[in-house]
DNA sequence: ATCACGCTATCAAAGCTTTTATATCTATAA
DNA sequence: TTATAGATATAAAAGCTTTGATAGCGTGAT
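Here it is as structure tokens:
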């Protein structure tokens, strides 16, 4: 208990991330998506036919977590899954038209937030913040 | 889709927070706690007898979320809850000896991480990072 | 050809979180 | 005194996440 308010630095990072997630959550909600669903659709649009496991790595979550996200996207008709030709053990995932539309709507709202953040800093400050955060991550 | 890699700045923050949480998770796990449980015990130690709703505000979560956390802590015998004298509608929560011990163990491990992070920066850099993160949070 | 290793998918258990909705009690105002 | 507002607790539904465990399919080394 010899550190003042739990952490100072860690606290600031957590607060920033919390706000960011809250804002993004509200943004993508306009398209009926959650943040993890939005992230999955975004990666899916860039990698058509990717497997669930690969998608999980792309989104930095466990395969099990991605399975649940995909299950919900599937139930909402935003993606399609079909077994791969040769690798029968693999399921190819693709966006549906509805999925593409939802992604487009969500992305428009998400970009607004990113732009607002970016505009709050000068180019030098952006570089500085990115550098400090990278070192923060490395230090752990 | 006119922004490069989703966000750059938001991504760096998220990555830093993700690493921080992963490290903290592993740290407090040595005491058999989760991060939310650790946060609750920490706030509880500083505010003996606090109500669940007040504790939720302290920890920046919803009362319902805190209820679940307290339920689990109660089942593990780390806290006690008893109705307040006048306000029968309120439950006073207190740490048990086991709870105090678990908190002490978890805190020791958590402080190690904070120290490692703090040591990665000069005092000026710490101030700079904190300032940039605060502006990041404000911008949203 | 066979066996082991790695990748894929999935199930189950345990936890955290949010939104929505109820019910009760306290305190203050009409 | 009654009514309203504020605070507390709890329940249910829906989602995300992790760890642990099971099982099938390919590739490469033996």
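Protein chains in written order, with full-length UniProt numbering: chain G, 1 to 140; chain C, 1 to 140. Just so it is clear, CB atoms sit at the ideal spot from N, CA and C, and this is done for glycine as well.
Residue i to residue j span [Cα, whole Å]
i	j	result
residue 71 of chain G	residue 114 of chain G	28 Å
residue 67 of chain C	residue 86 of chain G	49 Å
residue 75 of chain C	residue 64 of chain G	27 Å
residue 13 of chain G	residue 133 of chain C	7 Å
residue 90 of chain C	residue 15 of chain G	29 Å
residue 112 of chain G	residue 38 of chain C	35 Å
residue 79 of chain G	residue 120 of chain C	44 Å
residue 69 of chain G	residue 62 of chain G	11 Å
residue 131 of chain C	residue 140 of chain G	20 Å
residue 24 of chain G	residue 11 of chain C	12 Å
residue 88 of chain G	residue 46 of chain G	23 Å
residue 135 of chain G	residue 57 of chain C	31 Å
Distance CB(residue i)-CB(residue j) smaller than 8 Å
i	j	result
residue 191 of chain C	residue 73 of chain G	The first residue shown for chain C is 1 and the last is 140, placing residue 191 of chain C beyond what the model contains.
residue 110 of chain C	residue 22 of chain C	no
residue 30 of chain G	residue 105 of chain G	yes
residue 40 of chain G	residue 55 of chain G	yes
residue 33 of chain C	residue 102 of chain C	yes
residue 98 of chain C	residue 77 of chain C	yes
residue 48 of chain G	residue 94 of chain G	yes
residue 128 of chain C	residue 128 of chain G	yes
Cβ-Cβ separation, residue j to residue i (assumed contact under 8 Å), whole Å
i	j	result
residue 19 of chain C	residue 137 of chain G	5 Å
residue 50 of chain G	residue 42 of chain G	12 Å between Cβ atoms; not a contact.
residue 92 of chain G	residue 81 of chain G	7 Å
residue 17 of chain C	residue 17 of chain G	4 Å
Proximity test, residue i beta-carbon vs the ligand ATP heavy atom, cut-off 7 Å
i	result
residue 126 of chain C	The ligand ATP is not among the ligands present in this structure, which contains no ligands whatsoever.
### Positions along the stretch 16-34 of chain C whose CB lies within less than 9 Å of some CB in chain G
Against chain G - using a Cβ distance shorter than 9 Å - the residues of the stretch 16-34 of chain C are 16, 17, 18, 19, 20, 21, 22, 23 and 24.
### Task
Starting from the N-terminal side, write out each stretch of the alpha helix (DSSP H) that is 4 residues or longer and does not extend beyond the UniProt domain "HTH marR-type" (6-138) of chain G.
Runs of the alpha helix (DSSP H) inside the UniProt domain "HTH marR-type" (6-138) of chain G: 9-29, 35-46, 52-59, 63-75 and 97-119.
### Task
Could you please tell me which residues of the stretch 122-140 of chain G, in chain order, have their CB closer than 8 Å to any CB of chain C?
Result list: 125, 126, 128, 129, 130, 132, 133, 134, 135, 136, 137, 138, 139 and 140.
### Query
According to a CB-to-CB cut-off of less than 9 Å, which residues of the stretch 53-85 of chain G neighbour chain C?
Per Cβ criterion, the list reads 60.
### Query
Name the residues in the stretch 90-116 of chain G whose C-beta lies less than 7 Å from a C-beta of chain C; which are they?
Per Cβ criterion, the list reads 107, 111, 113, 114 and 116.
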